[in-house]
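In this note's numbering, the protein residues as written are 29 to 582.
Here a beta-carbon is modelled for each residue, glycine too, at the ideal position from N, C-alpha and C.
Take a look at the structure below.
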């Protein structure tokens, strides 16, 4: 929102309008950038989005959850609780539309920047408001309420109002660059921001829990002038977050987190290779402010080094091979340390561990990136070894009708491969046919041999795009494997394939300042669930979705 330069034209306009069928989305957005003389630029933007409950293919509950709900219904019926049995079956049979998944969002922002040579300073103000429904875990009021002998609580849940979230954020930001001339230091840049965030959980029209987060973050960076093949940067980063929660379901106690970091980055050109080095030290203080006196202080050090070289000497090509080494430390967050209660967004009962220590990892990555003529390639293979890896794991216990998850710490290792290639298959006057393929795979294991929870499965995708004078037509296939390699208490996820098509029209001759796009995602209305999602058992991905959008830039 802070203009990066003074526009050459009297006004720069970017606009968007979009709609779809899966959520009945209606969306508009507009931004304006204006010059005020030769040294000042101003920016304005606003957006609005509204969606209804999401259309889904088939049942909201997964096969596993439906089987559990129907078994609970049979048990309730055998005990003579006919109303409870009927409600459980109704929950199991929710289909075609995901209840309480609507959203309404708007934003407003403005910024101004002043320029003098290579120096500049700017500020911005923005407001973001987002209200949305939280899909509930089907049958939760009955599946566990009476198992705990709390029949009265179960009766109260029969009439539970739908839960929604009202969140708003005010943010003030500034950034600036000061040109330092031709000395050892080239320039100093700084970025600072203040934000005030409120997150309110509603039960129907009644206010439930209110979360308030107020914070400041900033960064100062000194860029070194290039000396021969050497350049780099030194800097400091700071953040302060004051978190408070009011209400019965405040699952994290009020706390303050302060983080101060010093860092350095260096790059050396030694033909035919390039060397890179980086290091960072952080001090993190976390203090609970509810009077308990709980407080933790962490010091962490991270460093990395890399070497790369050009593979091809042709000036039309820019393909590099490289090797990176890293050692990283991460302090646990306040939520990981002190959580203790129901987390509405994920529909689980989270329990922190105040004894968690710093997480450390060693890593190595080999990569191949760049261009071979018109083809673009990016591929990497990596391995990370963790000491005291922090993760959230299901325990098998139930608290307040929700599955209990605890933050744990254990040694682990991770292996991954990812690659992406785009290249023209046909190029002629007035027509080009492009191909894209990509894929990624991750395998992560705790030192006892158990898989780390919620690791995404192998995924592959491919696309063909035909580019004509005024039209671009694209066909895409996204394939996600099933995930059978799961931790204890974790459910497997079925694989799925999405087929998507789009047609873009550029009606103006000689430029693409106006684009009209017609799309269909998930053409065959396939059920898909993201394995990494906490809510995958009752929140599937959208079904067949027709979209229309218009983008303009003038």
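Helix, strand or coil at residue i according to DSSP, with G and I counted as helix
| i | result |
| --- | --- |
| residue 29 | coil |
| residue 208 | coil |
| residue 93 | helix |
| residue 366 | helix |
| residue 299 | coil |
| residue 119 | helix |
| residue 173 | Residue confidence is low: residue 173 scores 37 on pLDDT, short of 50, so the model does not pin down where it sits. No coordinate-derived value is stated. |
| residue 420 | strand |
| residue 22 | Past the boundaries of the shown model lies residue 22; the chain is included only from 29 to 582, so the question cannot be answered. |
| residue 100 | helix |
| residue 310 | strand |
| residue 46 | strand |
| residue 132 | strand |
| residue 278 | coil |
| residue 503 | strand |
| residue 516 | coil |
| residue 565 | coil |
| residue 112 | helix |
| residue 321 | coil |
| residue 482 | coil |
| residue 164 | coil |
| residue 453 | strand |
| residue 361 | coil |
| residue 200 | strand |
Identity of the residue in the options nearest residue i by Cα
| i | options | result |
| --- | --- | --- |
| residue 333 | 308, 551, 119 and 448 | 308 |
| residue 145 | 108, 95, 208 and 198 | 208 |
| residue 237 | 279, 212 and 196 | 279 |
| residue 83 | 440, 44 and 128 | 128 |
| residue 80 | 140, 160 and 90 | 160 |
| residue 489 | 482, 511, 546 and 463 | 463 |
| residue 99 | 86, 259 and 116 | 116 |
| residue 546 | 578, 527, 29 and 204 | 578 |
Residue i - partner residues in DSSP beta bridges
| i | result |
| --- | --- |
| residue 406 | 397 and 448 |
| residue 213 | 252 |
| residue 390 | 355 and 413 |
| residue 269 | 243 and 285 |
| residue 144 | 147 |
| residue 83 | 125 |
| residue 508 | 487 and 524 |
| residue 227 | 195 and 239 |
| residue 434 | 379 and 421 |
| residue 349 | 337 and 396 |
| residue 40 | 61 |
| residue 75 | 57 and 135 |
| residue 257 | Partner(s): none; residue 257 has no beta bridge. |
CA-to-CA distance, residue j to residue i, given in whole angstroms
| i | j | result |
| --- | --- | --- |
| residue 235 | residue 190 | 12 Å |
| residue 378 | residue 165 | 16 Å |
| residue 583 | residue 519 | Any answer about residue 583 is impossible in this case: the structure gives the chain only from 29 up to 582. |
| residue 53 | residue 553 | 18 Å |
| residue 184 | residue 505 | Note that residue 184 scores 41 on pLDDT, short of 50, meaning its location in the model is unreliable; the coordinates nonetheless yield the value given after this. Roughly 46 Å separates the two Cα atoms. |
| residue 58 | residue 582 | 12 Å |
| residue 248 | residue 219 | 7 Å |
| residue 382 | residue 366 | 6 Å |
| residue 455 | residue 436 | 54 Å |
| residue 573 | residue 42 | 25 Å |
| residue 315 | residue 403 | 52 Å |
| residue 112 | residue 445 | 48 Å |
| residue 563 | residue 375 | 7 Å |
| residue 419 | residue 275 | 27 Å |
| residue 262 | residue 425 | 49 Å |
| residue 298 | residue 256 | 10 Å |
| residue 494 | residue 453 | 10 Å |
| residue 503 | residue 548 | 10 Å |
C-beta atoms of residue i and residue j nearer than 8 Å
| i | j | result |
| --- | --- | --- |
| residue 39 | residue 67 | no |
| residue 72 | residue 131 | no |
| residue 566 | residue 88 | yes |
| residue 151 | residue 202 | yes |
| residue 485 | residue 509 | yes |
| residue 471 | residue 447 | no |
| residue 287 | residue 317 | no |
| residue 222 | residue 244 | yes |
| residue 310 | residue 289 | yes |
| residue 414 | residue 387 | yes |
| residue 301 | residue 284 | no |
| residue 385 | residue 408 | no |
| residue 580 | residue 550 | no |
| residue 328 | residue 295 | no |
| residue 291 | residue 252 | no |
| residue 193 | residue 162 | yes |
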